[in-house]
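Heads up, the thing below is written out as structure tokens.
Number of protein chains: 2
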Amino acid sequence: MSDIAGYRPLYRQVHDIIVRKVVQGVWKPGEALPSEQALARELGVSQGTVRKVLDALTAENLLERRQGKGTFIAEHTQERALFRFFRMARPGGERLTPTRGKGVVKIRAARAAEQAKLDLTRGDRVVEIDRIRLIDGRPAIRELIILPAAHFPGIEKRSPLPNTLYSLYQTEYRINIVSAQEELSAVAATARDEADLGVAAGTPILLIDRLAVSLQDLKVEWRVSRARSDDLVYAVTLT
Amino acid sequence: MSDIAGYRPLYRQVHDIIVRKVVQGVWKPGEALPSEQALARELGVSQGTVRKVLDALTAENLLERRQGKGTFIAEHTQERALFRFFRMARPGGERLTPTRGKGVVKIRAARAAEQAKLDLTRGDRVVEIDRIRLIDGRPAIRELIILPAAHFPGIEKRSPLPNTLYSLYQTEYRINIVSAQEELSAVAATARDEADLGVAAGTPILLIDRLAVSLQDLKVEWRVSRARSDDLVYAVTLT
DNA sequence: GAGTGGTCTAGACCACGCA
DNA sequence: GCGTGGTCTAGACCACTCT
């Protein structure tokens, strides 16, 4: 099967079909997919081919398989989403769970930098979430989050927002965050940081610039975090 | 086959056998392994089982497969090793290649912190590499690297050291770095940093603390880097 | 016991690299 | 044209979960 347009393996086609169905919400987060046998019959391929695809999607964190039970759409639950994308920890490696501090949600026109980052055009509107996150009850991170308003209708009325936004995106807006690019730098705390985080102005803090991408490959969230670095570190494993 | 000791799938056993052979240096970096058929015959399993293992080891960056040619031990080449573990970039994402600045290599007794980090015991010796790395000809990063001397005999005589140490570890000492845990924080530049990196004392810089682990699962390198953050960022993709 | 995913096998055929 | 990995199939049996 070597077409002019190039050859596309069966398992790739099956992969795309299943991803498309997840995007369309055919199965909801936490729900089970049909069994391998059923999918194979339905798609007219062998069970082995379906298995290869389901295994790959599991490796991509999109599905979860449980022997004896079935294959499920992975959920961005509290702990899972947190440990996957929230990288702040104590020096030495102990992972931390932030709690919610005060926050403000606004809707406004996108600025030039935001248009560029999120592939928006003039006149598009964005949601701005400005919030503080606490660790052990003490302010630790200030986050400024920008979302394309078109994809998140009514989000400004959902106050108070949950601690794990990605779970909200997934269940309420059918947007699965699958990867995020982060850029870190060190900056001096401003007077504003002093008020927000309780560190003296001029103290070095971490600036984390994140662009989160959805399963549909859309740039869905731009998040700039300012994190205290006195007793916190950004922890990541390179493989 | 449900033993008391627990059941160990065939493909796991095959996985371990092949990893062991790589550790022992049965095949050198860049060399080809026997074909799937040959391995299957040799190990007394089916080709499908061998394939499953080789695919997994490829995903772990230990092997490389090339259709029509064979399966090869992955090499820590200049560009590969650099892009895998060197995360400094320009804001916006452009990856950078550092060049070698001045460096000093010493051998001395391990300090308490080093013993703890590298699982050493009293009296063990370490190699200390202290070097500057340049970006666009300008000092950008100062690295302090600690290795257990026992694993790197004669490394102090190899001056000048190559830019990519992991390639040296792999080819000369049969030590494959497969993962690294990094912890980042923001600190103020010291007078020493001012001299090394050309930033004013007090300027925020990135402090990167890395523990690198080998295929044998040994803690093999402790590296503390101090990086200018004025026109450089630490870039990472979370998935 | 029925149904699910997990392991393992055997074999056919395709795509690629090279001599 | 041969040898390599890449795709795809069909089927057997095992391990786990639930009823």
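Residue numbers (my numbering), protein chains in the order written: chain A, 1 to 239; chain B, 240 to 478. Every residue, glycine too, gets a C-beta built ideally from N, C-alpha and C.
For A388 (chain B) and D363 (chain B), the gap between their C-alpha atoms comes out near 8 Å. With respect to M88 (chain A), A227 (chain A) sits close: the two C-beta atoms are nearer than 9 Å.
Across the set A:A140, A:V127, A:A200, A:R12, the C-alpha of A:V127 shows the shortest separation from the C-alpha of R158 (chain A). For A56 (chain A) and V14 (chain A), the gap between their C-alpha atoms comes out near 11 Å. Sequence-distant Cβ neighbours of F72 (chain A) in its own chain, meaning closer than 6 Å and more than five residues away, are A32, E64.
Put simply, the CB of F324 (chain B) is near chain A, with a gap under 9 Å to one of its CB atoms. Each residue's CA atom was taken as its position, placing V178 (chain A) and R334 (chain B) some 22 Å apart. In this structure, DSSP gives Q13 (chain A) a helical state, which the three-state scheme calls helix.
For D217 (chain A), no alpha helix (DSSP H) run applies, since DSSP gives it neither H nor E.
Selection B:G342, B:G269, B:L404 evaluated against L301 (chain B) yields B:G269 as nearest (Cα-Cα).
In this structure, E79 (chain A) lies away from T99 (chain A), with their beta-carbon atoms at least 9 Å apart. Chain-ordered, the chain A residues with CB closer than 8 Å to the CB of T476 (chain B) read S179, A180, Q181, E182. With at least 16 other beta carbons inside 10 angstroms of its own, Y234 (chain A) counts as buried. Annotation for V289 (chain B): V253, E275, L278, A279, L282 place their beta carbon closer than 8 Å to its own, counting only its chain and skipping 5 residues before and after.
Residue contact with chain B for A188 (chain A): present (Cβ-Cβ distance below 9 Å to some residue of chain B). For Q286 (chain B), DSSP records no beta bridge to any residue. When secondary structure is reduced to three states using DSSP, D435 (chain B) falls in the helix class. Its Cα nearest to that of L197 (chain A), the residue A:K102 stands out among A:K102, A:A113, A:R111. Look at F324 (chain B) here: in three-state DSSP terms it is helix. When 9 Å is used as the limit between beta carbons, S185 (chain A) is near these residues of chain B: P330, A425, P443, L445, S468, D469, L471, V472, Y473, in chain order. When only Cα atoms are considered, R347 (chain B) and Q263 (chain B) end up about 28 Å apart. For L238 (chain A), the enclosing beta strand (DSSP E) stretches over residues 233 to 238. A distance below 7 Å between beta-carbons, with the five flanking residues on each side excluded, links G93 (chain A) to the following residues of its chain, in chain order: A235.
Here the alpha carbons of L471 (chain B) and A186 (chain A) stand approximately 10 Å from one another.
Interface residue (Cβ-Cβ distance to chain A less than 9 Å): A298 (chain B) is classified as such.
At least 9 Å separates the CB of D124 (chain A) from every CB of chain B. Contact of D209 (chain A) with chain B is assigned, a C-beta pair being separated by under 9 Å. For Q181 (chain A), there is no enclosing alpha helix (DSSP H); the residue is found in the beta strand (DSSP E) stretching over 177 to 188. At the C-beta level, I129 (chain A) and I135 (chain A) stay beyond 9 Å of one another.
Y166 (chain A) is classed as buried because its beta carbon has at least 16 other beta carbons within 10 Å across all chains shown.
Short of 7 Å from the beta carbon of S229 (chain A), and not among the five residues preceding or following it, lie these beta carbons of its own chain, in chain order: P204, I205, L206. Around P378 (chain B), the same chain offers G340, I371, D435, L436, G437 as residues with beta carbons nearer than 7 Å, after the five sequence neighbours per side are excluded. Per the C-alpha coordinates, the member of A:K117, A:F85, A:Y11, A:V104 positioned closest to S46 (chain A) is A:Y11. Within the segment 98 to 126 of chain A, the complete beta strand (DSSP E) segments at least 3 residues long are 99 to 109, listed from N- to C-terminus. T171 (chain A) and N163 (chain A) have their C-alpha atoms spaced approximately 14 Å apart.
Distance between R174 (chain A) and L54 (chain A), taken at the CA atoms: about 20 Å.
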